[in-house]
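A short write-up of the structure that comes next.
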Amino acid sequence: MQESVPGFRRIERLPRQILKINPFGGEVQTARVPLISMGSGRPTSPFPHPWNFSEPIRILDTFFWNADAVQGSGRHNRFLDVPGFAPVLITRDPQIIRAISVATGDRVGQFDRDTLPSAGIARATGKDSLLYTNGPAWKRQKKLATPPFARTTLFQPEQFREFEVTFRQTIVRRLEILKKHLADAEKPAPVKLEAEIKAVMLEMLVNNFFGANVTYEEIRNRYVPALERVVDYIVRDTVVNKIGVPLRRLPRFTRNIGEVKDALASFEQLTDLVLETRKDGRGLWKQFNSDAPDEALRSNIRVFLAGALEATTSYASWAISHLARNPAAQEKVFHEVKDIQEYTPETLHDAKYLGHVLNETLRLTPSLYFHPRRATADTWVETTSGGRLRIPKGTHILLDVWHANRHEDHWGVTVTGHPALDFVPERWERLAACAHGSKELLHFGFGHGPRFCPGKSLGQLEVALVVGAFVKLFRFVAVNPDNPARAGVSTKPADGVLVELRLRNQASADTGLRA
Ligand code: HEM
């Protein structure tokens, strides 16, 4: 843990920390989590170490160990307060998550995005990105980089059509390869789909969205592995690299460092390829009305490439993974998409059940499982039901959407008609019918408030196309009945989406989508 609040503040709060006085105030209760708890049986220690950082969801589980035995809001709002360090607040309370998300921004006293968990990302992508900056610098980045992603831009009929057509052509080509693989196999062998999904997602982003022209072989065999390596490195680097030296500046001490440096070099080449298309106004660049030099955009492009690939792959992988364990839901999606040949804003809008499947996917298995925040001042937040919570300056905050979305109190039988831990797209029918429910119940899958995801419309279009096209062509069953998660920058199905695939219509000669 680092401390960026001036030293006097550290000393000022020390006596209260030693006396174990709760640093939070207000009627919303917060419960203390002990730093050490020998023999309690909790999953791990409540902060990342070199030995547990690869299982971040277990670290979050630790904060809520036995929390359901607590009455009141202390079961959902937990804190760690170690003398000498700033307090850490972890919340799985949707009302508090919402209140803090809304109060995050560039105005004086608003919450920042905590940069501590993304230190590794910043070392690999640069510090001047939309993801990493705060305050006025973030506002400038937002103005500069987000307009081409906005729903109003993307959903202009001409613009939408161009992306939809090229996205669809890419998907058709990749599905044809999978289909051929099936046809050539003597007996269908299980396939790990995550790698295929990742290649399609990167191809759509690089070639269709940014207008570059990189071959599928290069994407699949060079850039996807390079980005995987960079993302693995980012996760480890955040915890292990205490000296904060960017890898670019380190000599090749070990083979591993050499391999990561090569991966970073490939990542840089991909960034160059994507920036090169700017001068010809290809892909999204024609929507980009700024004379900012390429160099000013580089960090954001790196974040878009690595971050968007992670998030869209996670989202589509989870959706297919859930459908592979829910044949009835899979059939319902099939009946909805079987006659869709082109995805227009109208067909997407009409595919209600597919929409419920995607919402349920982000609820149960959000791609970004926690959203980090930092209190820049002593701050009061108020929930929609009138509860108030005082958060001291310097507090590191983890908005734990993973646990919020899976808790029976918030998403269970009483509220939605179905157990919170089950994958039930139908719960969204009930919530849609009750206006109050759809406004009040947020899954935070794309965040909330000013730091909401600018890639939402693009990501949703890509994921709906991939999942819709896939269900239309194949019937698929999970090899493993359980569906545990693994997590790094984003969450993914632990089995890499291992499924048995069958063509729906053996005689069918095409993907059923207009190429
Ligand atoms: C479809 C899958 C996606 C999911 C589930 C997703 C999820 C999220 C979430 C939850 C946040 C908010 C994090 C927070 O509050 O701390 C976020 C922010 C962000 N996302 Fe996405 N995202 C997706 C796709 C994309 C795409 C396609 C792009 C860009 C091409 C993108 C770029 C960003 C950026 C730059 C931010 C930071 C925004 C800011 O701080 O102002 N995302 N995303």
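When you line the sequence shown up against our numbering, it's residues 1496 to 2010, in that order. From the three backbone atoms N, C-alpha and C, an ideal C-beta is built for every residue, glycine too.
Check	Outcome
For E1723 and G1778, the rounded distance between their alpha carbons	25 Å
DSSP-derived helix/strand/coil call for A1801	helix
Inter-residue Cα distance where the pair is V1484 and V1730	Any property of residue 1484 remains undetermined from this structure, which presents the chain solely from 1496 to 2010.
Cut-off 8 Å between Cβ atoms - residues of its own chain near Q1654, not counting five sequence neighbours on either side	T1648 and Q1782
V1523: first and last residue of the uninterrupted alpha helix (DSSP H) it sits in	It is not in any alpha helix (DSSP H) - V1523 carries neither H nor E in the DSSP assignment.
Burial state of Q1955 (16 or more Cβ within 10 Å)	buried
Residues near D1873 by beta carbon distance below 7 Å, same chain, minus five either side	R1885, P1887 and K1888
Three-state secondary structure assigned by DSSP to R1511	helix
For V1528 and D1757, the rounded distance between their alpha carbons	42 Å
Short Cβ contact (8 Å threshold) for N1702 with V1695	no
Reduced DSSP secondary structure (H/G/I, E/B, other) of N1572	strand
V1958: CB within 7 Å of a non-hydrogen atom of the ligand HEM	yes
Cβ neighbour criterion (16 or more within 10 Å) applied to S1457	Lying before the first or after the last residue shown, residue 1457 is absent from the chain, which here runs from 1496 to 2010.
Cβ shell of E1903 (< 6 Å), same chain only, five flanking positions each side left out	A1915
Near the ligand HEM: Q1955 beta-carbon under 7 Å from a heavy atom	yes
Start-to-end residues for the alpha helix (DSSP H) that takes in L1884	Where L1884 is concerned, there is no enclosing alpha helix (DSSP H), although the beta strand (DSSP E) it sits in stretches over R1883 to I1886.
Close Cβ partners of V1992 (< 8 Å) along its chain, the five nearest in sequence each way excluded	K1687, L1688, E1689, I1692, S1812, I1815, S1816 and A1819
C-alpha gap between F1971 and G1600, whole angstroms	43 Å
Close beta carbons around V1919, own chain, < 6 Å, minus the five adjacent residues each side	H1913
Exposed unless 16 or more other CB atoms sit within 10 angstroms - verdict on N2000	exposed
Beta-ladder partner(s) of H1866, from DSSP	L1894
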